[in-house]
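Asks: A single structure is presented below for examination.
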Amino acid sequence: MPAPGTVEFPGQKRRKIRMRGTKQANKDTQNRLRKNLDRLLSEGEALLPEVTWNGKISWRKGDPVKKTIKEIQKVLDNRHNQKWLSKRMMAKRGDPLAKAWAGSLSAAHDEEITIVGDFNHPSFGKGSFVRRGDGKPLYLAAIQNHHLPSLKMAAWEQHARKGFHFFSWKKGLVCSGFQPVLPEGWLEDVLERSRFEFIKNEEGWCTKDLSQDESLPHISL
Numbered sequence: 003m004p005a006p007g008t009v010e011f012p013g014q015k016r017r018k019i020r021m022r023g024t025k026q027a028n029k030d031t032q033n034r035l036r037k038n039l040d041r042l043l044s045e046g047e048a049l050l051p052e053v054t055w056n057g058k059i060s061w062r063k064g065d066p067v068k069k070t071i072k073e074i075q076k077v078l079d080n081r082h083n084q085k086w087l088s089k090r091m092m093a094k095r096g097d098p099l100a101k102a103w104a105g106s107l108s109a110a111h112d113e114e115i116t117i118v119g120d121f122n123h124p125s126f127g128k129g130s131f132v133r134r135g136d137g138k139p140l141y142l143a144a145i146q147n148h149h150l151p152s153l154k155m156a157a158w159e160q161h162a163r164k165g166f167h168f169f170s171w172k173k174g175l176v177c178s179g180f181q182p183v184l185p186e187g188w189l190e191d192v193l194e195r196s197r198f199e200f201i202k203n204e205e206g207w208c209t210k211d212l213s214q215d216e217s218l219p220h221i222s223l
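In this note's numbering, the protein residues as written are 3 to 223.
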């Protein structure tokens with residue numbers, strides 16, 4: 003990634019200016035982003051959501067989720083064309099998520115990762131990302147942190163706001179349309195990652211003592 007921009011003032015020495023919200027990437031951050039960005043280049047298609055519904059939307063033509071996936075696929079088809087990526091990541095028109103994909107794929111061609119953005123959200127979590135292009139920081143962070151189930155789902159918030167349901171887990175990302183149809187095995191995966199200990203009985207999954215208080219009732223899922 004290019005070094006921070008430099009400016010000169012009359013009678014002063016040259017100084018470096020770093021963009022607000024950025025930080026110097028430590029070794030762990032560099033290695034993690036390097037691995038994630040390399041995967042975007044090598045198998046980006048596998049990181050796109052699986053659409054499991056075939057319904058129709060009465061108020062518009064086509065499926066907006068599939069349309070976004072199609073736009074991202076165009077970007078992936080040009081993943082090694084850095085000139086094309088540079089134009090797409092700054093485009094004023096087109097799908098905003100595809101724009102962020104173009105910026106992330108462009109960053110994947112960098113030999114070094116030095117300065118990174120710092121993203122933090124109360125619902126989706128936090129993660130470092132390479133700022134590249136005119137994409138939303140939320141989308142850039144979600145794309146480049148696809149190893150984090152909660153954060154990678156944030157990339158599709160524009161469609162979730164319109165009523166589409168997304169499920170993120172260790173096997174990827176699933177869109178079930180307007181009905182919350184859980185992928186088989188998704189619930190078990192989520193509960194295994196919970197900070198609480200769940201057990202399965204004849205009635206389903208349950209836990210007790212969420213606050214270590216024996217008086218609390220059992221909560222079943």
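Using N, Cα and C, we set each Cβ at its ideal position, and we do this for glycine too. Owing to the predicted nature of the structure, the values given are computational and were not obtained by experimental measurement.
1. Name the DSSP bridge partner or partners of Val-53?
2. Excluding the 5 residues flanking Thr-24 on each side, which residues of the same chain have their C-beta closer than 6 Å to its C-beta?
3. Just curious, the beta strand (DSSP E) that Trp-171 is in, first and last residue?
4. Would you report the Cα separation of Phe-169 and Pro-185, rounded to the nearest angstrom?
5. Which of the three DSSP states is assigned to Asp-112 in this structure?
6. Within 8 Å, do at least three Cβ pairs link the segment 71 to 80 to the segment 119 to 131?
7. Which residues mark the beginning and the end of the beta strand (DSSP E) in which Asn-203 is found?
8. Going by DSSP, name the residue or residues bridged to Lys-25.
9. In the structure shown, what three-state DSSP assignment does Ser-88 receive?
10. Check whether the Cβ of Lys-37 lies closer than 7 Å to any heavy atom of the ligand ATP, and answer yes or no.
11. Between which two residues does the alpha helix (DSSP H) containing Ser-130 stretch?
12. Assign Trp-207 to one of three DSSP states: helix, strand, or coil.
13. Leaving out five residues before and five after Ser-217 in sequence, what residues of the same chain have Cβ atoms less than 8 Å from its Cβ?
14. Using 8 Å for Cβ pairs, my map puts Thr-54 next to Val-132. What's the rounded Cβ distance?
15. Judging by CA-CA distance, which residue of Ala-110, Leu-140, Gln-181, Arg-81 is the nearest neighbour of Gln-160?
16. Kindly list the residues whose CB is nearer than 8 Å to the CB of Ile-77, restricted to its own chain and excluding five residues on each side of it in sequence; keep chain order.
17. Bridge partners of His-123, per DSSP?
18. Quick one: give me the first and last residue of the alpha helix (DSSP H) that Glu-159 is part of.
19. Is Ala-143 near Phe-121, with beta carbons less than 8 Å apart?
Replies: Based on what the coordinates show:
1. Cys-177
2. Ile-117, Gly-119
3. 167 to 171
4. 8 Å
5. coil
6. no
7. 201 to 203
8. Val-118
9. helix
10. The ligand ATP is not part of this structure, which contains no ligands at all.
11. No alpha helix (DSSP H) holds Ser-130; the beta strand (DSSP E) holding it covers 127 to 131.
12. strand
13. Because Ser-217 carries a pLDDT of 36, less than 50, the predicted location of this residue cannot be relied on, and no value is offered for it.
14. With a Cβ gap of about 32 Å, Thr-54 and Val-132 do not count as contacting.
15. Leu-140
16. What sits at residue 77 in the sequence shown is Val, not Ile. For Val-77, where only same-chain residues beyond five positions count, the Cβ hits under 8 Å are Leu-87, Arg-90, Ala-100, Trp-103, Ala-104, Leu-107.
17. Gly-127
18. 159 to 162
19. yes
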